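Trainee: My questions will all concern the structure given below.
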Amino acid sequence: MSADVTVPSGRVIGYGRAINEALAEEMRRDDRVWMMGQDIGRMGGVFGVTRGLQDEFGSMRVRDTAINETFIVGGAAGAALAGTIPVVELQFADFLFTAADEIFHKLAKWRYMHGGQFTMPVVVRLPTGVVGGAGAEHSQSLETIAMHVPGLKVAVPASPADAKGLLKSAIRDPNPVLFFEHKGLYRVKGPVSDSPEDLVPFGVARVARQGTSMTVVATGLMVDRVLEAAEQLAPRGIELEVIDPRTLVPLDIDTVVGSVEKTHRLMIVHEASRTAGFGAEIAAQVQERAFFALDAPVWRVCGTDTPLPQDPDLEQACIPSTDEIVTAALALAAI
Amino acid sequence: MSGESTPESASREQTQVEIYRKVVTIRFAELRIRSHVEKEGFGGFWHPGIGQEGLQAGAIAAMRPDDYLYYAHRGLGYAYAKGMDLVELFSDLLGRATGSTRGKGGGTVHFADAEKHVLGQGGTLGSNFVMGAGTAVSSQLLGDDRVTVVFFGDGASGRGTWHEAALQASVWKLPVVWICENNGWALSARFEDQSPTEHVADRAPAYGMPGVIVDGQDAMAVLDATSEAVERARRGEGPTLIEAKTLRIRGHYEGDRQPYRADPVLGDEIPNDPVHRLGEGIPDEVRRTIDAEARQLVEEAFDAALAAPKADTSVIFEDVWA
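Listed in order, the protein sequences are those of chains C and Z.
For the first sequence, the working numbering assigns the number 434 to the initial residue and increments by one for each residue that follows.
For the second sequence, the working numbering assigns the number 2 to the initial residue and increments by one for each residue that follows.
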């Protein structure tokens with residue numbers, strides 16, 4: 434099931450730039466694709482991700498809104514019912530809660546509750562995660578909450594190639610997609626395909642590193658930290674197999690189970706709070722599917738069960754560090 | 002007035018007859034549902050729209066068939082007036098497989114018909130404000146010349162979604178018309194206890210849009226007000242807020258004894274009844290024929306819905322994804 438990202442050109446660009454390219458290519462491809470959000474047009478977005486798009490596509494297709502999250506998401510839902518494809522931005526993923534009715538009821542359920550008569554091709558772009566002391570209401574990782582409400586797809590790209598390829602898939606998907614872009618990755622560079630038709634499919638995990646000692650599932654910013662940990666552990670004879678699910682809905686549990694059957698140990702690393710995070714769901718699914726393959730309990734290395742403090746040092750102490758991942762992996766390997 | 006009919010007046014008379022046919026059919030449908038709820042121990046919550054049929058059918062007569070409709074939760078008049086099939090509507094109400102939502106959203110307040118451009122309704126009041134404005138963005142982008150009409154009650158006018166939708170719709174001059182059915186009650190709360198202004202329409206100027214007050218018991222007056230608003234929207238001049246003054250004849254839901262209300266309207270005498278208002282000027286013979294046909298249509302449709310099978314449990318797993 435796993436697929437490596439194909440990179441024909443090897444061109445290296447940033448994660449934010451990759452998202453910008455995906456938006457531009459999809460808007461060129463299909464006139465029905467349009468965008469709205471706060472400060473996305475004239476300013477190019479608070480993180481600069483939409484820079485230049487209003488210049489190319491005009492202020493009708495790249496719309497600056499008032500501060501009105503219920504309209505940004507609910508309006509996108511209504512627009513989708515009438516034949517266009519809205520891609521909207523909430524400035525921070527935390528603002529899911531200011532548009533909760535529109536996201537968890539209207540986007541997720543409109544098709545279902547009306548007997549399948551409508552499709553809801555909406556993408557909500559959500560800058561997520563910890564970066565530079567943004568505070569308790571601007572730093573959360575809420576992907577698990579999105580995962581818990583049936584009817585929403587959830588993407589969590591960890592690399593520029595995935596950011597571009599998954600966003601293009603999201604825009605072409607007839608279902609609502611919550612697209613969690615990690616703020617700490619926007620400037621991180623990596624190889625990205627030049628071809629406008631290179632898409633990364635949903636529901637296909639990426640094996641970011643092959644290994645035999647244990648399986649480690651991680652998303653977003655945590656993928657790079659787990660890969661760093663793997664580099665430190667390799668000389669000590671511990672080989673991590675690192676799996677990035679890329680989308681949590683649909684979830685490629687088959688790749689995780691297949692890996693656990695090979696390594697016999699599983700650790701899940703996520704930035705979101707530990708309690709009832711998606712790590713708990715993956716742990717439960719793996720023990721249902723591969724209990725007898727496990728030589729040790731499933732471990733989780735997660736964010737703290739606290740709001741996030743604003744001080745950048747305290748904030749970093751609330752999410753898994755590379756050192757913590759190394760320590761946890763050594764302990765799990767010793768069981 | 003000479004009494005001779007001009008082509009224009011003939012057309013208006015014809016429109017009046019067509020609206021009357023819809024209004025009477027909706028009235029019989031309301032009464033049939035009420036009788037079912039009273040006799041059969043109905044398992045849902047029916048929010049009766051009786052007494053408000055005139056404004057519903059009158060407003061929708063101002064719409065083109067391809068204009069978009071978001072309706073409010075009181076009655077099925079909107080959906081029927083927009084062209085939905087009565088058997089489908091009754092089937093939704095009764096949880097039958099023949100309902101437009103196949104048992105998954107029907108119940109009392111959700112119907113939909115993509116082909117008739119009836120876009121459905123959310124379970125949270127006021128959610129249609131923002132969705133309606135968004136639908137109008139699509140029409141503006143596609144240049145398809147369609148107008149979106151959003152009905153809501155005076156209770157829903159309190160939602161913050163109204164502010165966000167009205168603000169953005171006016172800034173972008175979106176082709177949307179909002180019609181408030183002000184019946185004076187939001188469940189147990191009186192409108193005057195929820196609003197600092199006498200009228201909902203008083204809020205319109207703050208959003209740079211016209212606020213129009215109309216007698217909601219007069220279907221033809223509602224038709225005229227809505228026609229003006231729809232044409233304004235179609236010309237690209239932006240949204241309008243229409244407030245149709247009406248009455249809540251029954252409780253919040255059928256069976257609500259309204260202990261909170263000192264003067265509930267009881268019985269079948271409807272003050273300023275829109276059916277009678279609309280019937281004035283229509284020859285008795287024509288009216289009697291329409292009444293009889295409407296009654297028969299409703300009875301047959303309700304019987305057909307009652308006879309239809311319940312939705313199979315397999316539909317639970319369908320339509321989560323496209």
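Glycine included, every Cβ here is placed at the ideal spot set by N, Cα and C.
In this text, all values refer to a predicted model and were calculated from it rather than measured experimentally.
So is C/L486 in contact with chain Z if we call contact Cβ pairs under 8 Å?
Mentor: As a working note, residue 486 of chain C is residue 53 in the first sequence. Not one chain Z Cβ lies under 8 Å of C/L486.
Trainee: With a threshold of 8 Å between beta-carbons, can C/P634 be considered close to chain Z, or not?
Mentor: Translated into the one-based positions of the first sequence, residue 634 of chain C becomes position 201. So no, C/P634 is outside the interface.
Trainee: Let me check one thing: in DSSP terms, what residues is Z/D216 bridge-paired to?
Mentor: To locate residue 216 of chain Z, count along the second sequence from 1; it is residue 215. The partner list for Z/D216 (beta bridge, DSSP) reads Z/K246.
Trainee: Tell me the residue span of the alpha helix (DSSP H) that contains Z/R22.
Mentor: Here residue 22 of chain Z is taken as the residue at index 21 of the second sequence, counted from 1. Its alpha helix (DSSP H) spans residues P8 to E41.
Trainee: Can you give me the start and stop residues for the beta strand (DSSP E) that C/G598 sits inside?
Mentor: Here residue 598 of chain C is taken as the residue at index 165 of the first sequence, counted from 1. Where C/G598 is concerned, there is no enclosing beta strand (DSSP E), although the alpha helix (DSSP H) it sits in stretches over P593 to R605.
Trainee: Could you give the residue range of the alpha helix (DSSP H) that holds Z/V138?
Mentor: Walking along the second sequence from the start, residue 138 of chain Z turns up at place 137. Element bounds for Z/V138: S128 to L143.
Trainee: What are the boundary residues of the beta strand (DSSP E) that C/L763 is part of?
Mentor: Counting from 1 along the first sequence, the entry for residue 763 of chain C is found at position 330. Note, C/L763: premise wrong, no beta strand (DSSP E); alpha helix (DSSP H) at T755 to A767.
Trainee: Taking just the CA atoms, how far does Z/A190 sit from Z/T247?
Mentor: Residue numbering aside, residue 247 of chain Z sits at position 246 when the second sequence is read from its first letter. Residue numbering aside, residue 190 of chain Z sits at position 189 when the second sequence is read from its first letter. Their backbone Cα atoms lie some 16 Å apart in a straight line.
Trainee: Of the residues that make up the segment 73–106 of chain Z, which ones have a beta carbon closer than 7 Å to any beta carbon in chain C?
Mentor: S101, T102, R103, K105 and G106
Trainee: Evaluate C/D488 with the Cβ neighbour count: other Cβ atoms within 10 Å of its Cβ, from every protein chain shown; 16 or more gives buried, anything less gives exposed.
Mentor: What you label residue 488 of chain C is simply residue 55 of the first sequence in a count that begins at 1. C/D488 is exposed by the Cβ-count criterion.
Trainee: Given that Z/S139 touches chain C, what residues does it touch there, using C-beta distances under 7 Å?
Mentor: The residue you call residue 139 of chain Z lines up with position 138 of the second sequence. The contacting residues are A512, A515, G516 and T517.
Trainee: Along chain C, in chain order, which residues have C-beta atoms closer than 8 Å to that of Z/S169?
Mentor: Looking up residue 169 of chain Z in the second sequence gives position 168. In the sequence under discussion, the amino acid at residue 169 of chain Z is Gln, which differs from the Ser named in the question. The contacting residues are T498, A499, N501, F504 and G508.
Trainee: Would Z/A73 and Z/F152 qualify as a contact pair, given that the criterion is a beta-carbon distance under 8 Å?
Mentor: Locating residue 73 of chain Z in the second sequence gives position 72, where the first residue counts as 1. Locating residue 152 of chain Z in the second sequence gives position 151, where the first residue counts as 1. Their beta carbons are under 8 Å apart, which means Z/A73 touches Z/F152 by this criterion.
Trainee: So, with DSSP's three-state summary, where would you put C/I536?
Mentor: Counting from 1 along the first sequence, the entry for residue 536 of chain C is found at position 103. The answer is helix: DSSP assigns C/I536 an H, G or I state.
Trainee: Going by CA-CA distance only, name the one from Z/G100, Z/G154 and Z/G45 that's closest to Z/H200.
Mentor: Working through the second sequence from its first residue, we reach residue 200 of chain Z at position 199. Of Z/G100, Z/G154 and Z/G45, the residue nearest in Cα terms is Z/G154.
Trainee: By a C-beta neighbour count over all protein chains shown, 10 Å radius and 16 as the cutoff for buried, is C/G565 buried or exposed?
Mentor: Counting from one through the first sequence, the residue named residue 565 of chain C turns up at place 132. Classification for C/G565: exposed.
Trainee: Any idea if C/R669 is buried or exposed, counting beta-carbon neighbours within 10 angstroms, 16 or more meaning buried?
Mentor: Numbered from 1 along the first sequence, position 236 holds the residue referred to as residue 669 of chain C. Exposed, because fewer than 16 other Cβ atoms sit within 10 Å of the Cβ of C/R669.
Trainee: What residues from chain Z crowd round C/H581, counting only those whose CB sits closer than 8 Å?
Mentor: The residue given as residue 581 of chain C occupies position 148 in the first sequence. Residues of chain Z passing the Cβ test: none, with the nearest at roughly 14 Å.
Trainee: Please tell me whether C/E535 has its Cβ less than 8 Å away from any Cβ of chain Z.
Mentor: In the first sequence, the residue the question calls residue 535 of chain C occupies position 102. Closer than 8 Å to some Cβ of chain Z, the Cβ of C/E535 qualifies, so yes.
Trainee: So, with DSSP's three-state summary, where would you put Z/E182?
Mentor: Within the second sequence, the letter at position 181 stands for residue 182 of chain Z. Note: Z/E182 maps to strand in three-state DSSP.
Trainee: Does DSSP put Z/R75 in a helix, in a strand, or in coil?
Mentor: Here residue 75 of chain Z refers to the residue found at position 74 when the second sequence is read from its first residue. Of the three classes helix, strand and coil, the one that applies to Z/R75 here is coil, per DSSP.
Trainee: Once the 5 residues before and after Z/E255 are set aside, which same chain residues still bring their CB inside 7 Å of it?
Mentor: As a position in the second sequence, residue 255 of chain Z is number 254, starting the count at 1. Answer for Z/E255: R35, V38, W47 and P49, listed in chain order.
Trainee: Any idea if C/F613 is buried or exposed, counting beta-carbon neighbours within 10 angstroms, 16 or more meaning buried?
Mentor: Translated into the one-based positions of the first sequence, residue 613 of chain C becomes position 180. C/F613 should be labelled buried.
Trainee: Give every residue of the same chain whose Cβ lies closer than 7 Å to the Cβ of C/L604, excluding the five residues on either side of it in the sequence, and list them in chain order.
Mentor: The residue given as residue 604 of chain C occupies position 171 in the first sequence. In the sequence on display, residue 604 of chain C carries Ile and not Leu. Taken in chain order, the residues that qualify are E459, V466, I518, V520 and V556.
Trainee: Taking Cβ-Cβ distances below 9 Å as the criterion, which residues of the segment 448–470 of chain C are in contact with chain Z?
Mentor: Correct list: D464, R465, W467 and M469.
Trainee: Can C/G617 and C/V445 be called in contact, C-beta distance under 8 Å?
Mentor: Start at 1 with the first residue of the first sequence, and residue 617 of chain C comes out as number 184. Start at 1 with the first residue of the first sequence, and residue 445 of chain C comes out as number 12. Result no, Cβ atoms of C/G617 and C/V445 do not sit closer than 8 Å.
Trainee: Mind listing the chain Z neighbours of C/F551? Cutoff is C-beta to C-beta under 8 Å, in chain order.
Mentor: By one-based count along the first sequence, residue 551 of chain C stands at place 118. The contacting residues are A113, A115, L120 and G121.
Trainee: From C/R733 to C/E674, what does the alpha carbon distance come to, in whole angstroms?
Mentor: One-based indexing of the first sequence puts residue 733 of chain C at position 300. One-based indexing of the first sequence puts residue 674 of chain C at position 241. Near 15 Å, if we compare the C-alpha coordinates of C/E674 and C/R733.
Trainee: Please compile the residues from chain Z whose C-beta is within a distance smaller than 7 Å of the C-beta of C/Y545.
Mentor: Translated into the one-based positions of the first sequence, residue 545 of chain C becomes position 112. K105, D320 and V321, listed in chain order.
Trainee: For the 8 Å Cβ check, are there 3 or more pairs between the segment 529–543 of chain C and the segment 501–519 of chain C?
Mentor: yes
Trainee: Mind reading off the beta-carbon distance from Z/G76 to Z/Q57? Whole number of angstroms is fine, and I expect it under 8 Å.
Mentor: Within the second sequence, numbered from 1, the residue matching residue 76 of chain Z stands at position 75. Within the second sequence, numbered from 1, the residue matching residue 57 of chain Z stands at position 56. Confirmed, about 7 Å.
Trainee: Give the straight-line distance between the Cα atoms of Z/H277 and Z/G55, rounded to the nearest whole angstrom.
Mentor: Numbered from its first residue, the second sequence carries residue 277 of chain Z at position 276. Numbered from its first residue, the second sequence carries residue 55 of chain Z at position 54. When rounded, the distance between both Cα atoms is 10 Å.
Trainee: Can you tell which of Z/A157, Z/R33, Z/D216 and Z/A220 has its C-alpha closest to the C-alpha of Z/Q195?
Mentor: For this step, residue 195 of chain Z is matched to residue 194 along the second sequence. Z/Q195 has its Cα closest to that of Z/A157, out of Z/A157, Z/R33, Z/D216 and Z/A220.
Trainee: Can you confirm whether C/K622, when its beta carbon is compared against all beta carbons of chain Z, has any partner nearer than 8 Å?
Mentor: Looking up residue 622 of chain C in the first sequence gives position 189. Judged by the 8 Å Cβ criterion, C/K622 is not in contact with chain Z.
Trainee: Kindly indicate which residue of C/M476, C/L666, C/D606 and C/T737 has the alpha-carbon position closest to the one of C/T760.
Mentor: Within the first sequence, the letter at position 327 stands for residue 760 of chain C. Checking every option, the nearest Cα to that of C/T760 belongs to C/L666.
Trainee: How many Å lie between Z/V177 and Z/T125 at the Cα?
Mentor: Along the second sequence, one-based indexing puts residue 177 of chain Z at 176. Along the second sequence, one-based indexing puts residue 125 of chain Z at 124. Z/V177 and Z/T125: Cα-Cα distance of roughly 20 Å.
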